Amino acid sequence: MQKKEQSARQMVMCHLVAILRVDEMEQLGLIRFDEFGNVGILVLEGQS
């Protein structure tokens with residue numbers, strides 16, 4: 000079961016990389032992945 004879940008997660012990540020250009024966002028430091036494949040997102044807040 001865990002192997003299926005990991006495989007499904009990898010498929011989703013491949014789609015996100017292709018669609019959202021995740022690799023470019025990672026290079027810019029907007030997102031980052033930990034060793035478990037979890038993603039952290041840099042949130043920028045604007046002030047008016």
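Mapping the sequence shown onto numbering that gives the first Met the number 0, position 36 (from 1) lands on 35, and the numbers just tick up by one.
Cβ atoms here follow ideal geometry from the backbone N, Cα and C, with glycine treated the same way.
Nothing here was measured: the structure is a model prediction, and the numbers come from that model.
Check the DSSP bridge columns for residue i and list the partner residues they point to.
i, result
"PHE32", "VAL38"
Have a look at residue i and residue j and give me their C-alpha separation to the nearest angstrom.
i, j, result
"LEU29", "VAL16", "14 Å"
"PHE32", "ILE40", "9 Å"
"MET12", "GLY36", "9 Å"
"GLU34", "GLY45", "30 Å"
"ALA7", "VAL38", "16 Å"
"GLN5", "LEU43", "30 Å"
Quick one: give me the first and last residue of the alpha helix (DSSP H) that residue i is part of.
i, result
"GLU44", "It is not in any alpha helix (DSSP H) - GLU44 carries neither H nor E in the DSSP assignment."
Does DSSP put residue i in a helix, a strand or coil?
i, result
"LEU19", "helix"
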